[in-house]
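Below is one structure, written out as structure tokens; the observations come after it.
Numbering (the UniProt record's numbering), first residue to last: 1 to 361.
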């Protein structure tokens, strides 16, 4: 019996002290689990969000899935740290029912993938610029808490529920592939490693470093965001359409051969500037989020209230930087990450991704 049939046969879900929810239609699926609409049948309130909401999103993952090899899904740990922070939905309840681990979360609206297809494959430059700055503010907050998302793509960016106060608010979901870039105890960057047989992410949007099996760091989320933005603006990426068994290799090769100028030739200038910066970042480099956000400011409408996407998060990042400059505070972040010096050699090729590197600082 498949997951959908098993869940529908179960009819209702209740974990911990949650209300009882009737499992309804399937919303989508993440890296390991699947997401359903849950309609409350007992307890709770009439609110549209929060722990007592009438409708919620139920994410279910089978106990035998890869994400549950050592007990509850690893994603739970990431949501414990990130859930409810800027741009990340809050998990209200979680627990196990039968053979499935269950998370109860706020119901959200359409994904950027859905919106892109409903608007004729492409979005306006202003719309994508709004997405860019707000996505950067979400990633800045996530990275400041020590995590990289690991699977940035249009399907994982959702807006709030239509006809609510959050309908223009951007969210980043599915933390199934999230990993720590910073050691919790020491505050130091994780060590560099490379395992060519280990690929994590989505082939179309993954960074070249991910294709090559390199340890995930903040630069990878930003490179995936760059590909996401170009896709939303153009409706297609040059490496789409490969169907061979070695698809990942062919896509990686195409990405390395496609310069920022070629990829962004039909996009506004900030797209190329953004891509040039992020693909040249070093493994342990700290992104300058405010600088990256400012690249897109010229494409945004002057009145934030009428922008197609709420950009409050991006404005806060820029405001904090301005305040710190006025107060002559050098450190923007509450800690200084001390990076190791790594010595390793890459085999040489024409691509910018294969270099001889003595130290990463």
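Idealized CB from N, CA, C, for every residue including glycine.
Could you tell me which residues DSSP pairs with residue i in its beta bridges?
i	result
residue 20	42
residue 105	57, 91
residue 145	None; residue 145 has no bridge partner.
residue 50	According to DSSP, which records beta bridges pairwise, residue 50 is partnered with nothing at all.
residue 363	Since the displayed the chain opens at 1 and closes at 361, residue 363 lies outside it and no answer follows.
residue 240	Residue 240 is not bridged to any residue.
residue 111	158
residue 199	Paired residues: none, contrary to the question.
residue 313	According to DSSP, which records beta bridges pairwise, residue 313 is partnered with nothing at all.
residue 11	Beta-bridge pairing links residue 11 to no other residue.
residue 172	157
residue 62	100
residue 254	DSSP, once it has assigned bridges, lists no residue as partnering residue 254.
residue 214	194
Please report the distance separating the alpha-carbon of residue i from that of residue j.
i	j	result
residue 340	residue 286	Below a pLDDT of 50, predicted positions are generally treated as unreliable, and residue 340, at 40, falls in that range; the measurement from the model is reported next regardless. One C-alpha to the other measures close to 13 Å.
residue 368	residue 172	Since the first residue shown for the chain is 1 and the last is 361, residue 368 is missing from the structure and cannot be characterised.
residue 208	residue 256	7 Å
residue 302	residue 126	11 Å
residue 35	residue 55	13 Å
residue 342	residue 57	With a pLDDT of only 37 at residue 342, under the threshold of 50, the placement of this residue in the model should not be trusted; the figure read from the coordinates follows. Approximately 43 Å between the Cα atoms of the pair.
residue 122	residue 231	8 Å
residue 280	residue 47	46 Å
residue 73	residue 239	32 Å
residue 308	residue 113	16 Å
residue 135	residue 225	8 Å
residue 314	residue 143	15 Å
residue 69	residue 29	19 Å
residue 306	residue 197	47 Å
residue 18	residue 50	11 Å
residue 270	residue 299	9 Å
residue 334	residue 27	Confidence in residue 334 is poor, its pLDDT being 43 and thus under 50, which makes the residue's placement too unreliable to answer from.
residue 206	residue 167	28 Å
residue 22	residue 108	18 Å
residue 229	residue 174	19 Å
residue 399	residue 243	Because the chain is modelled from 1 through 361, residue 399 falls outside the range shown and cannot be assessed.
residue 384	residue 155	Nothing about residue 384 can be reported from this structure: the residues present for the chain run from 1 to 361 only.
residue 332	residue 25	Its pLDDT being 43, under 50, residue 332 is placed unreliably by the model, and nothing is read from it.
residue 87	residue 323	23 Å
residue 162	residue 191	43 Å
Buried or exposed for residue i, going by 16 or more other Cβ atoms inside 10 Å?
i	result
residue 227	buried
residue 117	exposed
residue 41	exposed
residue 234	buried
residue 362	The chain is shown only over 1 to 361; residue 362 falls outside these bounds and no answer can be derived.
residue 11	exposed
residue 32	buried
residue 39	buried
residue 82	buried
residue 265	exposed
residue 261	exposed
residue 84	exposed
residue 80	exposed
residue 140	buried
residue 366	No answer is possible for residue 366: it lies beyond the span of the chain, which begins at 1 and ends at 361.
residue 160	buried
Looking only at C-alpha atoms, which of the options sits nearest to residue i?
i	options	result
residue 213	199, 118, 236, 80	199
residue 373	38, 201, 215, 187	The structure shown does not extend to residue 373, since the chain is modelled only from 1 through 361, so no value can be given for it.
residue 128	297, 263, 318, 277	297
residue 67	176, 235, 279	176
residue 295	133, 77, 82, 124	133
residue 78	184, 137, 23, 160	184
residue 259	252, 276, 269	276
residue 20	104, 188, 268	104
residue 283	188, 159, 141	188
residue 236	252, 204, 217	204
residue 138	263, 274, 310	310
residue 37	94, 106, 91	106
residue 111	254, 186, 158, 71	158
(request) Give a yes or no on contact between the stretch 179 to 187 and the stretch 243 to 253, applying the rule of three or more CB pairs nearer than 8 Å. (result) no
(request) Take every Cβ of the stretch 97 to 109, pair it with every Cβ of the stretch 60 to 73, and state whether three or more of those distances are shorter than 8 Å. (result) yes
(request) Count the CB pairs spanning the stretch 306 to 322 and the stretch 278 to 293 that are closer than 8 Å, and state whether there are at least three. (result) yes
(message) Would you call the stretch 142 to 152 in contact with the stretch 218 to 226, where contact means no fewer than 3 C-beta pairs closer than 8 Å?
(response) yes
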